[in-house]
Ligand SMILES: [Zn+2]
């Protein structure tokens, strides 16, 4: 764990005390000052968020519509995560001290930003008719697959319109879809 970044005023030596939770300095070196505590609370809340999001594997964007869908879903999931933390605040609302007040402000701020972001993305989702577009992309892929298979069958001398061929083709397409 990092030590306080303050120095002993008499000797000029580094402080060596443990900093206030989330802060860079100990209580002697300003760790109890409201701006320092506020910054510390933000740092803790953001570190918690980063730990949660770090579990999400990074993926290459090959389809921006799918990427947008993932982004919007992620924003909603994060908003729910933040809402869970806000719900937990209920237990701390009785007899809270200054530290609790800073923590609450940080959590509620995080929640509000998450709500805002998820709301904007969902609004864009509705405006873009994302559901229809995603279905259209999937149908276009399916059309391409059918075209490739049909052309391949013709090249091999198999009639793709023959009943038996269609039945086998249909069975295999259903198996992979
Ligand atoms: Zn110190």
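Numbering (this note's numbering), first residue to last: 1305 to 1481. For glycine and all other residues, C-beta sits at the position ideal for the given N, C-alpha and C. Quick caveat, the model's predicted, so the values are computed rather than measured.
Is the separation between the beta-carbon of residue i and that of residue j shorter than 8 angstroms?
{"i": "residue 1319", "j": "residue 1310", "result": "yes"}
{"i": "residue 1422", "j": "residue 1379", "result": "yes"}
{"i": "residue 1323", "j": "residue 1329", "result": "yes"}
{"i": "residue 1376", "j": "residue 1426", "result": "yes"}
Closest to residue i by CA distance: which of the options is it?
{"i": "residue 1409", "options": "1323, 1329, 1341", "result": "1341"}
{"i": "residue 1306", "options": "1405, 1321, 1351, 1377", "result": "1321"}
{"i": "residue 1347", "options": "1453, 1374, 1407", "result": "1407"}
{"i": "residue 1438", "options": "1344, 1343, 1373, 1477", "result": "1373"}
{"i": "residue 1345", "options": "1403, 1429, 1313, 1432", "result": "1403"}
{"i": "residue 1418", "options": "1471, 1454, 1388, 1331", "result": "1388"}
Exposed or buried, residue i, counting other C-beta atoms within 10 Å across all chains shown (16 or more means buried)?
{"i": "residue 1461", "result": "exposed"}
{"i": "residue 1411", "result": "buried"}
{"i": "residue 1335", "result": "buried"}
{"i": "residue 1414", "result": "buried"}
{"i": "residue 1445", "result": "exposed"}
By Cβ distance, which residues of its chain are closer than 6 angstroms to residue i, with the 5 residues on each side in sequence left out?
{"i": "residue 1343", "result": "none"}
{"i": "residue 1308", "result": "1319, 1321, 1323, 1329, 1330, 1333"}
Please list, in chain order, all residues of the same chain as residue i whose beta carbon is under 8 angstroms from its beta carbon, the five residues on each side excluded.
{"i": "residue 1449", "result": "1477"}
{"i": "residue 1464", "result": "1453, 1454, 1457, 1458, 1470, 1473"}
{"i": "residue 1350", "result": "1414"}
Can you name, in chain order, every residue of its own chain whose Cβ lies under 7 angstroms from the Cβ of residue i, other than the five neighbours on each side?
{"i": "residue 1453", "result": "1473"}
{"i": "residue 1429", "result": "1376"}
Decide yes or no for the touch test of the region 1411-1429 against the region 1381-1394: beta carbon pairs closer than 8 angstroms, at least 3 of them. Three or more pairs of CB atoms, one per stretch, sit closer than 8 angstroms, so the region 1411-1429 contacts the region 1381-1394.
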